[in-house]
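A.B. asks: The numbering used here puts the first residue of the sequence shown at 1, with every later residue one more than the last.
Ideal Cβ positions, reconstructed from N, Cα and C, are used throughout, including at glycine.
This structure is a prediction, so every number in the text was calculated from the model and none was measured.
There's a structure below that I have some questions on.
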Amino acid sequence: MNGDRKQLLDDLHKKVIEKANDGIVVLKNEKIVLSNHAFVAMLDYEGPELEGTRFEDLVEPSSIHEYRDRWESILHQEDSTGTIRARLLTKRKRILNVEMSTAELDFEGSPALVTVVRDVSEQMTLEAAVEESEARYRTLYESSPIAYFTMSQRGTVQQVNNAAEKLLGYSEENMTRRHISAFLPKDEKSREMGNQVIAEILQGKNLEDIEMQLQHAKGNKVWVSITSSVLSDSDQSSNIGLMALEIDRRKVAESRETEERERANLYLEVMTHDLNNINQSALFTMELLTTTVELPENLESILTETSWNVRRAARMIANMRAIITLKHSPPAMTKTDIYPHIKRATTDADRDFPWKTLNINSNIKDDEFEIVGHMYLWSVFFNIIHNSMMFSREDEITVNVRATKVDSDRMVRIEFEDYGPGIPDNMKQYIFKRTGSPEAQIVGRGLGLTVVDHYVTELGGTVWVEDRVEGDHSQGTRIVMLLPSWVEKKDLPCGRTTCITFYKSDHCLFCEPTYDILMMVLNEMNIPNHHVEVINVDDPSAGISESELPMLPFIKICDSELIGLVSDDQVRSAVMALLMKDCYPDL
């Protein structure tokens, strides 16, 4: 019975060995007594060709000594893994990298070793490729001019490259195992800015090109541009990668540029103010002469022409001041009736040309058209009418001014038509361009239409020029502008004044970029900017302090609250949820 059972087990072993996908051989006295089909095929042999062969004879000759050492350690149980790698030589003289695992077995009545042989050639090729890739990455990492820091989720520095050591003047040993905040400047302002950045980084947010200061080992501050992202490992743990690009020279250049610009603006402000006073004094003197002294006709003509040129200079100075004011301290937007502004513009333009007669044909009545405007709206209309009078060759000038409500009363379209020489087609797109980049500028007369373009754009409108008679520019010009109508805000069921509130402060590092993201999304979704209430918590009249908010910047979009540096997707999602609510269908 025992003999039958032994035979049964041997038969079972043979069947299992033959069916296995891995190569399997049974060795007695280091000779192959049994091999399965997978092993024979692996070495390009057929049938029982390998039986009786010493396994060592299949090992590639150059690696025979290494194989013997490993094999002996397994036989004497010095290697607890029971696994070795070897290079076998196939019948076709191919080198085959294999991994072998052995175990003792009682086979056909005597001790034997069963060896599982697995082809790992492809695996070793991949491992070699990974090692090469890691070596290449390590070389790039260490030789990169950009400083790299690897941190834990708590902000502890774990690894740095050579550029990081050079950037901050510390050795790797003095930087690792320290919190990243240890390398922030000591002064309160720089440290507060740095802590804001670190807080965002440790929340796992991806930052890109955020500028801040770090402190060098010698004590001086270094400007850097920070980019960070989460690094996920195969074991699901996450570290934080931080790149720091040194931008000290650029910041010095920017600081100098800012100083020079401010100095130039100061000179310009003083110059325009003083020149304006000089012009006003000259105009007063010339008007006094013309009204109190009887002058010969030729002198009176010269005096009139001189007075006109001084007025032109005064207008240019006024327009220059308007552009500067609009850029640095734009006027507050309020509900504005366009009728009194048209009247003032007409009166002032007519006063500049005493030898001409101005006729205005207008359909605009008092309190009929109310737009989002400000106290300087009249200067927009003035510059358009003034241009019509200046370039017309006639002594009697007619300007047609018409206003209509369009786009479901959300916009007001205002047209100014004259009968002057017109503007050629190739100049129409350039007449509003006298500032900006050199490519965008053109040489022209004065800054009047540039002021028009600046003010209209600031109000959220558009302006363009057409032919009064389509296809014939010589028949006169039509300047068209679209300005947003004033809409009284409705009371919201929640009691708030607006559905979107943006909280900021003067010292908040991420407030400006976050506000830009908010405005970008709202413009993309055609939501007017005046639907956003901006509250500066540093303003004592704001009625709220920074301590009452979880963090700055803080955006409240209906029920959604977004804090810190947010992505456009987060803002877009919150705005979409707002648009689906019934309580504010007019948004």
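1) What three-state label does DSSP hand P513 in the structure shown?
2) Using alpha carbons as the reference points, say which of Y170, R410, I431, S545 lies closest to N526.
3) Please report the straight-line C-alpha distance between S80 and I64, rounded to a whole angstrom.
4) With DSSP collapsed to three states, give me the class of P145.
5) If contact is defined by three or more beta carbon pairs under 8 Å, each pair taking one atom from either stretch, is the stretch 164–178 in contact with the stretch 193–207?
6) Hey, how far is the Cα of M271 from the Cα of E262?
7) Using the rule of at least 16 other Cβ atoms within 10 Å of the residue's Cβ for burial, across every protein chain shown, is E260 buried or exposed?
8) Rounded to a whole number of angstroms, what is the C-alpha to C-alpha distance between K186 and E524?
9) Could you round the C-beta distance between Y141 and K91 to whole angstroms and report it? I think they count as a contact, below 8 Å.
10) Going by the beta-carbon positions, is the gap between V546 and S505 smaller than 8 Å?
11) Tell me the start and end of each unbroken alpha helix (DSSP H) in the stretch 303–383 that is at least 4 residues and wholly inside, in chain order.
12) Our contact map puts Y419 next to G476 with C-beta atoms below 8 Å; I'd like the distance itself, whole angstroms only.
13) Report the rounded CA-to-CA distance for I302 versus L518, giving the unit in angstroms.
14) Are there 16 or more other CB atoms within 10 angstroms of the CB of W355, so buried, or fewer, so exposed?
15) Quick check on Y455: buried or exposed, where buried means 16 or more other Cβ atoms within 10 Å of its Cβ?
16) Once the 5 residues before and after T346 are set aside, which same chain residues still bring their CB inside 6 Å of it?
17) Quick one: is K556 buried, meaning 16 or more other Cβ sit within 10 Å of its Cβ, or exposed?
18) Could you check what DSSP says for S437 in three-state terms: helix, strand or coil?
19) Grab me the residues of V222's own chain with a C-beta within less than 8 Å of its C-beta, minus the 5 sequence neighbours each way, in chain order.
20) Determine the contact status of V372 and W464, defining contact as a CB-CB distance below 8 Å.
21) Please identify the residue among L242, D69, K28 whose C-alpha is closest to the C-alpha of S110.
22) Does F432 come out as helix, strand or coil in the three-state DSSP assignment?
23) How far does the alpha helix (DSSP H) with K251 in it reach, from first residue to last?
24) Taking DSSP's pairing of strands, which residues face D472 in a bridge?
25) Taking all protein chains shown into account, do 16 or more other C-beta atoms lie within 10 angstroms of the C-beta of L299, making it buried, or fewer, making it exposed?
26) How long is the line joining the alpha carbons of G444 and I431, rounded to whole angstroms?
27) Determine the contact status of G460 and P553, defining contact as a CB-CB distance below 8 Å.
28) According to DSSP, is M580 part of a helix, a strand, or is it coil?
29) Assuming S474 and G422 are in contact, meaning their beta carbons sit under 8 Å apart, how far apart are those beta carbons, in whole angstroms?
30) Let me know if R478 comes out buried or exposed under the rule of 16 or more other beta-carbons within 10 Å of its beta-carbon.
31) Put A217 into one of helix, strand or coil per three-state DSSP.
32) Measuring straight from C-alpha to C-alpha, what distance separates N589 and A313?
33) In terms of residue numbering, what span does the alpha helix (DSSP H) encompassing S190 cover?
34) Taking the continuous beta strand (DSSP E) assigned at F416, which residues delimit it?
C.D. replies: Per the coordinate set shown:
1) helix
2) R410
3) In this prediction, S80 scores a pLDDT of 49, lower than 50, which makes its location untrustworthy; the coordinate-derived value is nonetheless stated afterwards. So the alpha carbons of these two residues sit roughly 21 Å apart.
4) coil
5) no
6) 14 Å
7) exposed
8) 42 Å
9) Contact flag wrong, Cβ pair sits at about 45 Å.
10) Strictly speaking, residue 546 in this sequence is Glu, with Val absent from that position. For E546 and S505, yes; Cβs fall inside 8 Å.
11) 338–352
12) 4 Å
13) 58 Å
14) exposed
15) buried
16) I360
17) buried
18) Legend: pLDDT at S437 = 39, less than 50; position of this residue unreliable, no value from coordinates given.
19) L167, L168, Q213, L214, Q215, H216, E246, D248
20) no
21) K28
22) coil
23) 248–292
24) V469
25) exposed
26) Low local confidence applies: a pLDDT of 46 at G444 is under 50, so the model's placement there is unreliable, with the coordinate-based value given in what follows. Those two C-alpha atoms are separated by around 8 Å.
27) no
28) coil
29) 5 Å
30) buried
31) coil
32) The requested residue 589 is not part of the displayed model; the chain covers only 1 to 587.
33) 188–202
34) 411–417
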